[in-house]
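Numbering (my numbering), first residue to last: 10 to 243.
Just so you know, even glycine gets a beta-carbon here, dropped at the ideal spot from N, CA and C.
Each remark here refers to the structure printed beneath this line.
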């Protein structure tokens, strides 16, 4: 039985969604795409691509990630699902990622945690396991070891984190609805930090599962005529 749904938010970058779907096995899980004010031309393109891959297309209800998550909660809850896995268009989960995570949430009770992060691989050795905005210096947590080697024992089991690396993260729908208060007063670029800190304020742990790995490959944006760091405005 499936317990997870996959979420994308898109803005004038549907070439990347098309490329992602061509290169990742979504393993039969339900997918929702929320459009964040693309141009009409790109909205039309997005609807066609979503139809091609049996992805549900919705226009955003209110601007910002925290409101998009509410839309996603309502959509996936209506399908009897319990977890949302958010993924950026330049993040490519390892084969079997979704089935492995789905099996994990079926076998283990993760419903008491807040944000669930993963092992984000930026290059052949650079693993980003969390964000640490409350700490001095860079505000990220990394480890380096070869991508094709075993995970070092000290990081092989799930552990508590301040915030997840935001390119791929998951959350329990009930936990989100119960504890997260969205605001339209500001829009935080690292929205998962906002979500994670709201959980921490309620004494709810955020965790990283380092055995589940995602390749973060920003170079694909350049190949599709998009800026390396940000989506196009129009």
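Checklist line | residue 200 - DSSP class collapsed to helix/strand/coil | finding: As a working mapping, residue 200 is identified with position 191 in the chain shown. DSSP places residue 200 in helix when its eight states are reduced to three.
Item checked: Short Cβ contact (8 Å threshold) for residue 29 with residue 98 -> By 1-based counting over the chain shown, the position of residue 29 is 20. By 1-based counting over the chain shown, the position of residue 98 is 89. Yes.
Next item on the list: With a threshold of 7 Å, establish whether the CB of residue 167 neighbours any heavy atom of the ligand ADP.
Entry: Annotation note on the ligand ADP: not contained in the displayed structure, which lists no ligands.
Notebook entry, point to check: Do residue 203 and residue 75 have their C-beta atoms within less than 8 Å of each other?
Noted result: Counting from one through the chain shown, the residue named residue 203 turns up at place 194. Counting from one through the chain shown, the residue named residue 75 turns up at place 66. In terms of Cβ geometry, residue 203 and residue 75 form a close pair [threshold 8 Å].
Item checked: Contacting residues, own chain, Cβ-Cβ under 8 Å from residue 12 (five flanking each side not counted) -> The residue you call residue 12 lines up with position 3 of the chain shown. 90, 91, 92, 111, 114 and 115.
Notebook entry, point to check: If we ignore side chains and look at the alpha-carbon of each, how far apart do residue 119 and residue 108 end up?
Noted result: Locating residue 119 in the chain shown gives position 110, counting from the first residue. Locating residue 108 in the chain shown gives position 99, counting from the first residue. So the two alpha carbons sit approximately 16 Å from each other.
Notebook entry, point to check: Going by the CB atoms, is the gap between residue 221 and residue 127 shorter than 8 Å?
Noted result: Mapped onto the chain shown, residue 127 falls at position 118. Mapped onto the chain shown, residue 221 falls at position 212. It is a contact, given that the beta carbons lie within the stated cut-off.
Check: Looking at the structure shown, is residue 177 part of a helix, part of a strand, or coil, going by DSSP?
Finding: As a working note, residue 177 is residue 168 in the chain shown. Here residue 177 sits in strand by DSSP.
Next item on the list: Give the single residue among 201, 209 and 212 whose Cα lies nearest to the Cα of residue 73.
Entry: Numbered from its first residue, the chain shown carries residue 73 at position 64. Out of 201, 209 and 212, 201 has the C-alpha closest to the C-alpha of residue 73.
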